[in-house]
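Residue numbers (the working numbering), protein chains in the order written: chain A, 330 to 690; chain B, 1251 to 1509.
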């Protein structure tokens, strides 16, 4: 418990320093344009990765449809901003409401999808969430929303027709997408990222988080000690969806034009790669993996072009072998055993934790 | 009135039966366990002992008959409701929360005893700190009773076998049960560990004033601590009564114990 609090504090303060440092540097104009342009999406991907880690790492269920929840958040908040662009006056208020509303709608979908889907486990759950993500993308790809002096007009697969041409504003334009106001900046992403990180940490380090992990580690035993398995699976799934929705809200407000095809299978897998490489259940790991895996290809592997996705696949396969194949497990243990530094480190660590426990008491 | 309450058995099984397809896994089992009793359920492999446990704890729904806990019918309720009603169990193949610390395992057992909501937890309202502190102390106390106080921060999967068994019992007791079910607690233990386990079980009964029903194959343990026995064979009761008498029953000797 004490150890976890300390770990959380280190992760949180480290992330905070990094976030504000990067935001400050980009505002001061020290970073070049390319790097600055990467910071906002990187922050958004970090939010997605830590939220997916709640489902995959803490709850232990493989979800392949995380982009679907992001899509809901992006479209709902984007549409909200476009509709109220001229009615809610301070921009920050409208933007905040839009992002929160996007998160809430993603959470609502999390509950609606979760109730039937969470009856399944393992591979079956993964396949259904995969389908969910694709369905969300297809729906968003076919939605038309137009506003004129009479109000909103909605069309599915075809643009609405009974529109007053003189005052019409096209908000959602089917496959072309939408152009939400570009309100997101590095500072906002940094703050939202830290809030999401804090919420996840506090959730995991509480009665509810323990219940989720108990369900992950042993479903039957969790029931036998009176943990309502369905409730906690739904709770974690919904929280994860809500945070993905918030990330989607930030995302739609960061691009000049956002098309739904962005939220495809590849995006879900990309986020899953961040989570798996960072270590299941480790928020710190997710953050680090996202930074490395997002920045490196963008900054150094640009030339690889389409090969980039292939490289991701190779890395994912390799990491799965690294964590699960007997050969690599033996190899890792051999390395760990042969390093006296590690032993020293563990002795040192024990000393420290004893001291801090004494100090707390 | 209190006389009456004392006479109500903690657990009563009435004609409990379950059928898987054409197989009568358990057929018309009757059983009464008095308060504070250490009751043994024995029998050859495949006799249906674990199936009985699974019916009592709600993992399986009986096809006929009923389960009464302190006179209250709990037949067919969900495992969670049955745990809340006051039955806790351990498993034949240990089922710990492997990746969690020893302390967190017990705290997960104290889940329903920890009284704050998810929102209070995330917002770190005063109730979170109060309850966490109380539950922490309770969990530590329980672990101390089982001699696990030096292992509280270890990951459960890294504990030696005997300690994993103890942790599982501690976790079950954390739910504050009226009846504890132990499914082959001595499985895979050497004679020394078994002797220690016998002490632990006796101790649990005294310390927590617990009623215990256990499945066991180790006859030394059974004859050493069980006061009453039911012998199952092919899903049916073969013999029932006080331990010494049952173990001398010729039927039991031919079906299970051997000459």
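All C-beta atoms, glycine included, are put in the ideal place defined by N, C-alpha and C.
For residue 1433(B), the nearest beta carbon of chain A is not closer than 7 Å to its own beta carbon.
If you check each beta-carbon in the region 540-563 of chain A against every beta-carbon of chain B, the ones closer than 8 Å belong to 540, 542, 543, 545, 546, 547, 549, 550, 551, 552, 553, 554, 555, 556, 557 and 558.
Under DSSP, no beta-bridge partner is assigned to residue 1258(B). Each residue's CA atom was taken as its position, placing residue 1403(B) and residue 1358(B) some 14 Å apart. In the DSSP assignment, residue 1384(B) falls within the alpha helix (DSSP H) that extends over 1376-1395. What residue 1310(B) touches in chain A, judged by beta-carbon distance under 9 Å, is nothing: the nearest beta carbon there is about 12 Å away. Residue 1289(B) has 1463(B) and 1478(B) as its beta-bridge partners, per DSSP. Within chain B, the residues whose beta carbon sits less than 9 Å from that of residue 532(A) are 1368, 1371 and 1372, listed in sequence order.
Shown here for residue 571(A): same chain residues with a beta carbon closer than 6 Å to its own, the five before and five after excluded, namely 432, 435 and 436 in chain order. The count of Cβ pairs closer than 8 Å, one atom from the region 575-589 of chain A and one from the region 365-381 of chain A, reaches three, so the stretches are in contact. Using a C-beta cut-off of 8 Å, the region 618-627 of chain A makes no contact with the region 659-669 of chain A, since fewer than three inter-stretch Cβ pairs fall below that distance. At a cut-off of 7 Å between C-beta atoms, residue 1258(B) does not count as an interface residue with respect to chain A. A distance of 7 Å or more separates the beta carbons of residue 1287(B) and residue 1480(B). For the region 1386-1398 of chain B, the beta-carbon criterion of a distance under 8 Å to any beta-carbon of chain A is satisfied by 1386. Between residue 1372(B) and residue 338(A) a beta carbon distance of about 16 Å is seen, past the 8 Å cut, so the two are scored as non-contacting. For residue 1317(B), the enclosing beta strand (DSSP E) begins and ends at 1314-1319. If you keep only unbroken alpha helix (DSSP H) runs of at least 4 residues inside the region 596-679 of chain A, you get 612-629, 636-653 and 655-667.
With a cutoff of 7 Å on beta-carbon distance, residue 1427(B) and residue 552(A) are scored as not near each other. Looking only at 476(A), 446(A), 512(A) and 486(A), the smallest Cα-Cα distance to residue 495(A) is reached by 476(A). Sequence-distant partners of residue 372(A) (beyond 5 residues in either direction) whose C-beta falls short of 6 Å from its own C-beta, in its chain, are 518 and 522. At a cut-off of 7 Å between beta-carbon atoms, residue 1304(B) makes no contact with chain A. By the Cβ neighbour-count rule, residue 512(A) is buried, with 16 or more other Cβ atoms within 10 Å of its own. Beta-bridge pairing by DSSP links residue 476(A) to 481(A) and 498(A). For residue 1278(B), the uninterrupted beta strand (DSSP E) segment begins and ends at 1273-1283.
Looking from the CA of residue 569(A), the closest CA among 450(A), 391(A) and 332(A) belongs to 391(A). Residue 452(A): member of the alpha helix (DSSP H) spanning 451-470, first to last residue. Between residue 401(A) and residue 438(A), the C-beta gap is smaller than 7 Å, which places the two residues in contact.
The region 1411-1421 of chain B and the region 1321-1335 of chain B do not touch, with fewer than 3 CB-CB distances between them shorter than 8 Å. At a cut-off of 7 Å, the C-beta of residue 1329(B) has a neighbouring C-beta in chain A. Listed by position along chain A, the residues whose Cβ is nearer than 7 Å to that of residue 1403(B) are 332. Going by C-alpha positions, residue 584(A) is about 41 Å away from residue 1366(B).
At a cut-off of 7 Å, the C-beta of residue 1354(B) has a neighbouring C-beta in chain A. In the structure shown, residue 1434(B) falls within a coil segment according to DSSP collapsed to helix, strand and coil. Judged by DSSP in its simplified three-state form, residue 1405(B) adopts strand. At a beta-carbon threshold of 7 Å, the residues of chain A lying near residue 1359(B) are 554, ordered along the chain. At a cut-off of 7 Å between beta carbons, residue 520(A) makes no contact with chain B.
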